[in-house]
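Numbering (our numbering), first residue to last: 210 to 421. Ideal Cβ positions, reconstructed from N, Cα and C, are used throughout, including at glycine. I have placed the structure first, in the form of structure tokens, so that the comments after it can refer back to it.
Okay, here's the thing in structure tokens:
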């Protein structure tokens, strides 16, 4: 049986994406992941992205829609771009076997973006344990407005050139290290995505730890 989990995600169709996002986001538009940061290198929103023909789409946690729009509104007016909500659905295919819609590879498995309704076949607890076992934190659940490099380097290109927050990100990357790092922890007070590991009996979760 295919292991599928429906994610609470919003897919936005972006017009004139190269002009709208190309100069302000932390990664290139041909990458799978990207982020919009403030001038201090802190996260406004992280997202997956993909092209379908000439169209460009981003996938966000819907609770950050207002935050995203507030951050890009002035740029949208300048370049005459639009960000429209779609009815596309996002699923996590834990085993990477589904051949449906658009697929975005993850550390294990893949995201599947499709108009179709797919049946969720794993529980919340099973999916959370899967994320912990494969170090897949989610924006809005395991982190929010942290400095990007405290969370991951997957959302940044150091060769890209200028973007909002780039000076801070480059300085930390080249001259020091992120002060904290989001990682899987066990039996910690400050954990998110808490779930018991049936093999060890320990409670696992994501937590920020000192980056030694």
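Ignoring anything shorter than 3 residues, give me the beta strand (DSSP E) runs that lie fully in the stretch 295-339, in order along the chain. Those beta strand (DSSP E) runs which fall completely within the stretch 295-339 and span 3+ residues are 298-302, 311-314 and 319-323.
Secondary structure of residue 276, DSSP reduced to three states: Correct three-state label for residue 276: helix.
Once DSSP output is grouped into helix, strand and coil, what is the label at residue 230? Here residue 230 sits in coil by DSSP.
Tell me the residue span of the beta strand (DSSP E) that contains residue 213. Element bounds for residue 213: 213-215.
The beta strand (DSSP E) enclosing residue 419, as first and last residue numbers: Run containing residue 419: 412-419, per the beta strand (DSSP E) assignment.
Please state the DSSP three-state secondary structure of residue 345. Here residue 345 carries a coil assignment [DSSP, helix/strand/coil].
Indicate whether the contact test is met: 3 or more Cβ pairs, each with one atom in the stretch 376-386 and one in the stretch 340-355, closer than 8 angstroms. Because the criterion of three Cβ pairs below 8 angstroms is not met, the stretch 376-386 and the stretch 340-355 do not touch.
Decide if residue 332 is buried, meaning its Cβ has at least 16 other Cβ atoms within 10 Å, or exposed. Counting other Cβ atoms within 10 Å of its Cβ, residue 332 stays below 16 and is therefore classed as exposed.
Buried or exposed for residue 400, please, with buried defined as at least 16 other CB atoms from any protein chain shown within 10 angstroms of its CB. Using a 10 angstroms sphere on the CB of residue 400, the tally of other CB atoms reaches 16 or more, which defines it as buried.
Measuring only the C-alpha atoms, how far is residue 439 from residue 334? Any question about residue 439 goes unanswered here, given that the chain covers just 210 to 421.
Out of 244, 265 and 228, state which residue places its alpha-carbon closest to the alpha-carbon of residue 255. Nearest option by C-alpha distance: 244.
Are residue 393 and residue 359 touching if we call contact CB-CB under 9 angstroms? Against a cut-off of 9 angstroms, the Cβ pair of residue 359 and residue 393 comes out as no contact.
According to the Cβ coordinates, are residue 290 and residue 224 closer than 9 angstroms? With a cutoff of 9 angstroms on beta-carbon distance, residue 290 and residue 224 are scored as near each other.
Check whether the Cβ atoms of residue 271 and residue 227 lie closer than 9 angstroms to each other. The answer is no: Cβ separation not under 9 angstroms.
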